[in-house]
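For the sequence shown, position 427 matches number 412 in my numbering, and the numbering has no gaps at all.
Input: a single structure, listed below in structure tokens.
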Amino acid sequence: MFITQESSHQSQQPVWQQCLERIEDKIGPHRLETWFRTTNLSSTPEGNPCIEVPNQFLADFIEEHFCGIIQDALSDLGINAKALTFVPIKKEWTILKQQNEPIAEPYRIKPVKKLINTHSFHPDYTFDTFVVGESNRFAYATCLAVAEAPGKTSFNPLTIHGGTGLGKTHLLQAIGHFAHIEGTAENIVYITSQEFINQYINYVKNKKESETFYKKFSGVDLLLIDDIHFFSGKPSTQKEFYRIFNRLLLQNKQIVLSSDRAPETIPDMMEHIINRFMGGLITDIQPPNFETRIAILKKKAETDRISLPDQVVQFIASQVTSNVRELEGTLIRLIASASFNGKEITLEAAQEIFGDAMNRNQQRLTIQIIQKKVAEYFDITLNQIRAHTRKRNVAVPRNIAMYLCKKWTKQALRTIGLDFGGRDYSTVIHACKKIEADLLKDKVLSDQIKILDAVLKPLA
């Protein structure tokens, strides 16, 4: 029988430790380490068993995915787990103990006392302000697990990939923000890939700065690097990145990365770097569904203390489907316009001001579709159109495809270049200008563009 009174320690293993061993047999050591590291067995004031977890999200996640397994493990130990509950540790429950056998707390993390060399994180980019939905739930859970125990989970390195504006930077900064505030990591560095590249270039130009460059990363406990896809096609930068990356992994320091695509699809990235990525956890973020978009808008309105009619929320959520950044930007523009014109925020105002723009944002054309259509027209393969060859039968179609991508999509030139074999944005500019100049004097090219435009227009 289990009671909540204090008693002397016995040689037998604590109840929760025994329970964890049974759970490990079912889910394996890595999942146990990830999800049960900071859990504890307790009891409610009514005497029912409950599982303490660090926060409400993990309480919901563990209950949804592991409740049955936990109940079975507790039942094996003679505990009636029918009324099992899951609660954040902030709630004051008494620790459940077996008679003459106290529950130990082997999985608690002691926060560090000192924080140095931390980055200034955006105050709005926290876990509390991140809206969780089906499209990002797993990414959120893994980031939270890493933030609570950097370097102590199997998620190392952790790589998050997804399209522009879906919340990758938000999650990376939320990890850093949490680790800084809660003291789970002492030395935190957040840096974008462009900042890393620029600092490395400065190091190459001035060798005297080499000590400063490497010292920045030498004592890092938590390294957060945003947009690693920009390392594409930069072998020297990749080598320096790998040296730092590999050294930190060998020291069990936590690394979290973000990319606009799955790491194995980043062109011109060294194979041993990709293999290192694959040795950790790679998770993606998808565009938010309708319900999540509504929740995001309501959260933004609540944060900004704006009263937003449900009709307006549903209208914007139904029109802007691509990413979170555009969703919030649309709301900001609506609020600003209404304030400037002295009008209330109504459905009619939203339809009048943003209707046409939102419809245009629903374009279905992507870089990949344009590449496919151009390749089919010129009877070449997609691999050829992305390859680094200067053969005229491939180079001309490639230039045409870049030109059409710039014309029919809203992607940045840098993004277009990356999808064409990791080329620089200046290559895209040169290709587009060449096609524009040749159109004035080349009738064959002009006819080809007209045909392709006719093919692409119905898809836009």
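Every residue gets a Cβ at the ideal spot worked out from N, C-alpha and C, and that includes glycine.
Item: When the Cα of Glu133 is compared with those of Thr24, Arg232 and Glu31, which residue comes out closest?; Value: Thr24
Item: Flag this pair as touching only if the stretch 171 to 188 and the stretch 270 to 278 have three or more C-beta atom pairs under 8 Å; answer yes or no.; Value: no
Item: So, for Gln3: in the same chain, excluding its five sequence neighbours on each side, which residues have a beta-carbon less than 7 Å away from its beta-carbon?; Value: Leu62
Item: I'd like to know whether the C-beta of Phe123 is nearer than 7 Å to at least one C-beta of chain D.; Value: Given the protein chain composition of this structure (a single chain), no chain D is represented.
Item: Is Ile12 helix, strand or coil by DSSP?; Value: helix
Item: In the DSSP assignment, the beta strand (DSSP E) including Thr268 goes from what residue to what residue?; Value: Leu266 to Ile270
Item: Any idea what DSSP makes of His373, helix, strand or coil?; Value: coil
Item: Can you tell which of His165, Phe123, Ala164 and Leu69 has its C-alpha closest to the C-alpha of Ser27?; Value: Leu69
Item: So, at 7 Å on beta carbons, what are the nonlocal neighbours of Ile420 in its own chain, with the 5 sequence-adjacent residues on each side left out?; Value: Asn384, Ile385 and Tyr388
Item: Look at the alpha carbon of Lys238 and the alpha carbon of Thr268, and state the distance between them as a whole number of angstroms.; Value: 19 Å
Item: What separation, rounded to the nearest whole angstrom, lies between the Cα atoms of Phe71 and His50?; Value: 12 Å
Item: Give the secondary structure of Tyr410 by DSSP, where H, G and I count as helix, E and B as strand, and everything else as coil.; Value: helix
Item: Which residue or residues does DSSP assign as beta-bridge partners of Asp206?; Value: Answer is none; Asp206 lacks a bridge partner.
Item: How many Å lie between Ser292 and Gln336 at the Cα?; Value: 18 Å
Item: In three-state terms, what does DSSP make of Ser217?; Value: coil
Item: Can you list, in chain order, the residues of its chain with a C-beta nearer than 6 Å to that of Leu207? Leave out the 5 residues immediately preceding and following it.; Value: Pro135, Ala164, Ala170, Ile173 and Gln239
Item: If you run the structure through DSSP and keep just helix, strand and coil, what is Glu90?; Value: With a pLDDT of only 36 at Glu90, under 50, the local geometry of the prediction cannot be trusted, and no value is derived from it.
Item: Assuming Ala117 and Lys284 are in contact, meaning their beta carbons sit under 8 Å apart, how far apart are those beta carbons, in whole angstroms?; Value: According to the sequence as given, residue 117 is Val; it is not Ala. Contact flag wrong, Cβ pair sits at about 10 Å.
Item: As an exercise, report each continuous alpha helix (DSSP H) stretch of at least 4 residues that is fully enclosed by the stretch 256 to 309, in chain order.; Value: 256 to 263, 275 to 288 and 295 to 304
Item: Report the option in Val38, Pro39 and Glu9 whose CA atom is closest to the CA atom of Ile54.; Value: Glu9
Item: Check whether the Cβ atoms of Ala202 and Ile160 sit closer than 7 Å, and answer yes or no.; Value: The sequence shown places Phe at residue 202, not Ala. No, Cβ-Cβ distance for Phe202 and Ile160 is not below 7 Å.
Item: Leaving out five residues on either side along the sequence, give the residues of the same chain with a beta carbon under 7 Å from the beta carbon of Ala302.; Value: Phe275, Arg278, Ile279 and Leu282
Item: Short of 8 Å in beta carbon distance, which residues of its chain neighbour Ser217, apart from the five on each side in sequence? Order them along the chain.; Value: Ile251, Pro252, Asp253, Met254, Leu403 and Gly407
Item: Using CA coordinates, which residue listed in Glu311, Ala397, Ile434 and Asp289 is at the minimum distance from Asp109?; Value: Asp289
Item: With a threshold of 16 other CB atoms inside 10 Å of the CB of Gln353, please say whether the residue is buried or exposed.; Value: exposed
Item: In the DSSP assignment, find the alpha helix (DSSP H) that holds Asn121 and state where it starts and stops.; Value: Neither: Asn121 is in no alpha helix (DSSP H) and is coded neither H nor E.
Item: As a quick exercise: from Leu350, Gln184 and Arg261, pick the residue whose alpha carbon is nearest that of Pro443.; Value: Leu350
Item: In angstroms with no decimal places, state the Cα-to-Cα distance between Pro34 and Ser139.; Value: 29 Å
Item: Could you tell me which residues DSSP pairs with Gly147 in its beta bridges?; Value: Ile270
Item: One question on the structure: do Leu143 and Leu17 come within less than 7 Å of each other, judged by their Cβ atoms?; Value: no
Item: What is the rounded straight-line gap between the Cα of Pro39 and the Cα of Val0?; Value: 20 Å
Item: DSSP state of Val359, grouped into three classes?; Value: helix
Item: Looking only at its chain, what residues have a beta carbon closer than 6 Å to the beta carbon of Leu209, apart from the 5 residues adjacent to it on each side?; Value: Leu157, Gly161, Tyr175 and Val241
Item: What's the C-alpha gap between Ala130 and Arg246?; Value: 22 Å
Item: Quick check: the Cα distance between Leu332 and Glu313, rounded to an integer number of angstroms?; Value: 17 Å
Item: Checking 7 Å against the spacing of the C-beta atoms, do Ile330 and Val297 come in under that value?; Value: yes
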